[in-house]
Amino acid sequence: MTWTKSLVAAALLLAALVLQTSVLTAFAWDGVVVNLVLLAVVALALTQSPQFAVVAGFAGGVLLDLAPPADHVAGRWTLALLLVAYVAARVRPDGRPSAAAVVGTVAACSFIGSSVFALTGALLGDLAADTGQVLEVIGIGLVLDVLLTPIVLPPLLALLARFRPDTRPLGRLGGGLRPAER
Amino acid sequence: MTLLDRIDHDTVRASAARPTTDRLNRRGRLQPRDPRTPRRSTLVALVLAGATMLTLDGGAGALEPVRRAVGEVVGPVQTAVSTLARPITVVPEVLRTNGSLREEVDALREDNAALRQQVATSDYDRNRLEAYDGLTATAQEIGYALVPARVVGIGAAQSFSHTATIDAGSSSGIAPDMTVVNADGLVGRVLRVTSTTATVLLASDADSVVGGRVGDSMDVGFVSGSGDLGGHLDLELIDQGALPNRGDAVVTWGSDKGAPYVSGVPIGAVTAVYANLRDSSQRAEIEPFVDFGSLDVVGVVVPSGTASDRAVIEVDGSLQ
Numbered sequence: 005m006t007w008t009k010s011l012v013a014a015a016l017l018l019a020a021l022v023l024q025t026s027v028l029t030a031f032a033w034d035g036v037v038v039n040l041v042l043l044a045v046v047a048l049a050l051t052q053s054p055q056f057a058v059v060a061g062f063a064g065g066v067l068l069d070l071a072p073p074a075d076h077v078a079g080r081w082t083l084a085l086l087l088v089a090y091v092a093a094r095v096r097p098d099g100r101p102s103a104a105a106v107v108g109t110v111a112a113c114s115f116i117g118s119s120v121f122a123l124t125g126a127l128l129g130d131l132a133a134d135t136g137q138v139l140e141v142i143g144i145g146l147v148l149d150v151l152l153t154p155i156v157l158p159p160l161l162a163l164l165a166r167f168r169p170d171t172r173p174l175g176r177l178g179g180g181l182r183p184a185e186r
Numbered sequence: 007m008t009l010l011d012r013i014d015h016d017t018v019r020a021s022a023a024r025p026t027t028d029r030l031n032r033r034g035r036l037q038p039r040d041p042r043t044p045r046r047s048t049l050v051a052l053v054l055a056g057a058t059m060l061t062l063d064g065g066a067g068a069l070e071p072v073r074r075a076v077g078e079v080v081g082p083v084q085t086a087v088s089t090l091a092r093p094i095t096v097v098p099e100v101l102r103t104n105g106s107l108r109e110e111v112d113a114l115r116e117d118n119a120a121l122r123q124q125v126a127t128s129d130y131d132r133n134r135l136e137a138y139d140g141l142t143a144t145a146q147e148i149g150y151a152l153v154p155a156r157v158v159g160i161g162a163a164q165s166f167s168h169t170a171t172i173d174a175g176s177s178s179g180i181a182p183d184m185t186v187v188n189a190d191g192l193v194g195r196v197l198r199v200t201s202t203t204a205t206v207l208l209a210s211d212a213d214s215v216v217g218g219r220v221g222d223s224m225d226v227g228f229v230s231g232s233g234d235l236g237g238h239l240d241l242e243l244i245d246q247g248a249l250p251n252r253g254d255a256v257v258t259w260g261s262d263k264g265a266p267y268v269s270g271v272p273i274g275a276v277t278a279v280y281a282n283l284r285d286s287s288q289r290a291e292i293e294p295f296v297d298f299g300s301l302d303v304v305g306v307v308v309p310s311g312t313a314s315d316r317a318v319i320e321v322d323g324s325l326q
């Protein structure tokens, strides 16, 4: 089961990457494309264990960093998506997330992901854009990601909900105390 | 991924038997692990791995072999998916090129959808044919042999760099630091190759600097990208007293042994000239001849007679 789940997650991330670089670029808005890999990581974080989510976030980031035509310093998307997975797993509500919760998570994660990527670039001297361009790209990216959420996330969440046996025991094992009772 | 996940499973199972993995909190009570956070050790390991990647790649580019390995796997997938998805991805392209025409044919809009789609794709096919024809003409004009290729992947603006994947690699005779052109002019240069794909740095990238020469006065300078996909390029002339005229064409002046840029490839036309009062230099805005937002067929400049697994357009326009 874990093997299947990992394979599905890997295939999902790869498919997201290829669609993002080769198909959706034709529909780019000012060069900005929907960050499908980020959406996939958020979907994984919303359905799987936090442990699985951060590893998936890491893997998705490595793909974005190393697959052509990437040319930035590798590791920047890795750290950004790692944080995205952590945050998404952290804010995830118990049980099935509501539509508003999903959209809110995507919006926050899109902002965090793009910002962290830009910030690490600025720190490493790898960022050639000025602040105005950065903010514009982050803004447009956020809007695109949120716009695509109603189309992309529901089928993804439905697919991934089949692979969730480890989330329930984890929740129960969390000490018998549910967060609300603490 | 799987291994870590299984370790997690095992620990979870173990902790069910012995709940000692829970932490002691400040008050000395057993604090159950928050089910919403990953194990701290995993998190630390992953963050360190990411930071290591930054260091390895940032300093010496030590991850270049890994990049190539990933490219060898992902590149062909990109080529295949891009080819499959072409009927979908041409739609915005066709809409863009026909933008002005569409206004005139408002009356014909009631045509049935199927017919319109047919027209759209045949338009696209004609454009493609023109692109290949144009490439042949380019080879003749600039006097270099070209390997034709298509753009199969474009880097998103979220990465703040302008790069593209093309579907020809080292097996087609392409190597890093080769000039990439299309029928309109300079596209960029090859950064790295895999056996079937190559990554191209577009001239519009903010890190891209191309030696440029104003065709009219032969003044030399440097053309840098602005980081704006549809935007202009900047020309900074070495001779600070030289004043380019509006409309002057700028071509590459080329580098030693033709790498990374061969000479005589048209880059763009001067649209505006600004005088910098502080250091009394001139800066000119260049409108590139190439539309970086809708790249499709490109040609990579190779030495004449290069061994390639695809047809090479020779200088005389013949296919080799």
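So the protein sequences, as listed, match chains A and B. Each residue of the first sequence is one higher than the one before, starting from 5 at the first, in the numbering used here. Each residue of the second sequence is one higher than the one before, starting from 7 at the first, in the numbering used here. We put the beta carbon where it would ideally sit given N, CA and C, even for glycine. Keep in mind the model is a prediction, meaning the values are calculated, not measured.
On the DSSP bridge list, what partners appear for residue i?
{"i": "Glu288 of chain B", "result": "Looking at the sequence provided, one finds Gln at residue 288 of chain B rather than Glu. Gln288 of chain B is bridged to B:Ala281."}
{"i": "Trp33 of chain A", "result": "A:Val36"}
{"i": "Asp240 of chain B", "result": "B:Ser230, B:Glu291"}
{"i": "Arg74 of chain B", "result": "Per DSSP, none; premise fails for Arg74 of chain B."}
{"i": "Gly194 of chain B", "result": "B:Val186, B:Leu208"}
{"i": "Glu325 of chain B", "result": "First, the residue type needs correcting, since residue 325 of chain B is Leu and not Glu in the sequence shown. Answer is B:Ile319, bridged to Leu325 of chain B."}
{"i": "Pro98 of chain B", "result": "Looking at the DSSP assignment, Pro98 of chain B forms no beta bridge with any residue, so it has no partner."}
{"i": "Val199 of chain B", "result": "B:Ala204"}
{"i": "Gly274 of chain B", "result": "B:Val256, B:Pro294"}
Residues in the same chain with beta-carbon distance under 8 Å from residue i, minus the five sequence neighbours each way, listed in chain order, please.
{"i": "Tyr138 of chain B", "result": "Pro154, Val303"}
{"i": "Leu43 of chain A", "result": "Ala20, Val110, Asp149, Leu152, Thr153, Val156, Leu157, Leu160"}
{"i": "Leu325 of chain B", "result": "Ala317, Val318, Ile319"}
{"i": "Ala126 of chain A", "result": "none"}
{"i": "Gly305 of chain B", "result": "Leu141, Thr144, Ala145, Leu152, Val153, Pro154, Ala155, Val186, Val187, Asn188, Ile319"}
Closer than 6 Å by C-beta to residue i: which residues in its own chain qualify, once you throw out the five before and the five after it? Chain order, please.
{"i": "His168 of chain B", "result": "Leu208, Ser210, Asp211"}
{"i": "Ala20 of chain B", "result": "In this prediction, Ala20 of chain B has a pLDDT of 44, which is less than 50 and means its spatial position is unreliable; what the coordinates show is noted afterwards. Once the five neighbours on either side are set aside, Ala20 of chain B has no close Cβ partner at all."}
{"i": "Arg316 of chain B", "result": "Ser178"}
{"i": "Gly221 of chain B", "result": "Ala255, Val257"}
{"i": "Leu174 of chain A", "result": "Below a pLDDT of 50, predicted positions are generally treated as unreliable, and Leu174 of chain A, at 42, falls in that range; no measurement from the model is reported."}
{"i": "Thr342 of chain B", "result": "Residue 342 of chain B lies beyond the range of chain B shown here (7 to 326); nothing can be said about it."}
{"i": "Gly149 of chain B", "result": "Val321"}
{"i": "Val76 of chain B", "result": "none"}
{"i": "Leu28 of chain A", "result": "Val37, Val38"}
{"i": "Thr8 of chain A", "result": "none"}
Assuming residue i contacts residue j (C-beta within less than 8 Å), just tell me the rounded distance between them.
{"i": "Gly159 of chain B", "j": "Ser88 of chain B", "result": "7 Å"}
{"i": "Val276 of chain B", "j": "Gly218 of chain B", "result": "Going by Cβ atoms, the distance from Val276 of chain B to Gly218 of chain B rounds to 10 Å, so no, they are not a contact pair."}
{"i": "Val141 of chain A", "j": "Ala163 of chain B", "result": "5 Å"}
{"i": "Val206 of chain B", "j": "Val186 of chain B", "result": "5 Å"}
{"i": "Pro309 of chain B", "j": "Ala151 of chain B", "result": "7 Å"}
{"i": "Ala68 of chain B", "j": "Leu62 of chain B", "result": "4 Å"}
{"i": "Asp240 of chain B", "j": "Glu291 of chain B", "result": "7 Å"}
{"i": "Val296 of chain B", "j": "Leu192 of chain B", "result": "7 Å"}
{"i": "Leu86 of chain A", "j": "Gly65 of chain A", "result": "6 Å"}
{"i": "Leu301 of chain B", "j": "Val157 of chain B", "result": "5 Å"}
{"i": "Leu17 of chain A", "j": "Val41 of chain A", "result": "6 Å"}
Could you spell out the range, first to last residue, of the alpha helix (DSSP H) harbouring residue i?
{"i": "Val120 of chain A", "result": "103-128"}
{"i": "Gly64 of chain A", "result": "54-70"}
{"i": "Val50 of chain B", "result": "46-66"}
{"i": "Ala13 of chain A", "result": "6-22"}
{"i": "Val318 of chain B", "result": "Counting along the chain, Val318 of chain B falls outside any alpha helix (DSSP H), and DSSP gives it neither H nor E."}
{"i": "Val91 of chain A", "result": "80-95"}
{"i": "Ala162 of chain A", "result": "135-164"}
In chain order, what residues of the same chain have a beta carbon less than 7 Å from the beta carbon of residue i, not counting five sequence neighbours either side?
{"i": "Ala281 of chain B", "result": "Gln288"}
{"i": "Ala13 of chain A", "result": "Leu48, Ala60"}
{"i": "Trp33 of chain A", "result": "Ile144, Leu148"}
{"i": "Leu128 of chain A", "result": "Val77"}
{"i": "Ser261 of chain B", "result": "Gly217, Tyr267"}
{"i": "Phe121 of chain A", "result": "Arg80, Trp81, Ala84"}
{"i": "Ile244 of chain B", "result": "Val226, Gly227"}
{"i": "Leu177 of chain A", "result": "Reliability of the predicted coordinates at Leu177 of chain A is poor, the pLDDT of 41 falling under 50, and the value obtained from them is presented with this limitation in mind. Within the same chain, Leu177 of chain A has no close Cβ partners at all."}
Taking the beta strand (DSSP E) that residue i belongs to, which residues open and close that run?
{"i": "Pro154 of chain B", "result": "151-160"}
{"i": "Ile172 of chain B", "result": "169-172"}
{"i": "Arg219 of chain B", "result": "215-220"}
{"i": "Ala255 of chain B", "result": "255-258"}
{"i": "Gly305 of chain B", "result": "303-308"}
Notebook entry, point to check: Of all the residues that make up the region 68-83 of chain B, which are near chain A by a beta-carbon distance shorter than 7 Å?
Noted result: Leu69, Val72, Arg73, Val76, Gly77, Val80, Gly81, Val83
Item checked: Residues, ordered as in the chain, of the region 44-59 of chain B that lie near chain A by beta-carbon distance below 9 Å -> Pro44, Arg45, Thr48, Leu49, Leu52, Val53, Ala55, Gly56, Ala57, Thr58, Met59
Note to self: Give me the subset of the region 159-171 of chain B whose CB atoms are less than 7 Å from a CB atom of chain A, sorted by chain position.
What the structure shows: Gly159, Ile160, Gly161, Ala162, Ala163, Gln164, Ser165, Phe166, Ser167, Thr169, Ala170, Thr171
Margin query: Short of 8 Å Cβ to Cβ, which residues in the region 29-60 of chain A face chain B?
Written below: Thr29, Ala30, Phe31, Ala32, Asp34, Gly35, Val36, Val37, Asn39, Ser53, Pro54, Gln55, Phe56, Ala57, Val58, Val59, Ala60
Next item on the list: Output, in sequence order along the chain, the residues in the region 99-119 of chain A whose CB is closer than 7 Å to any CB in chain B.
Entry: Ser118
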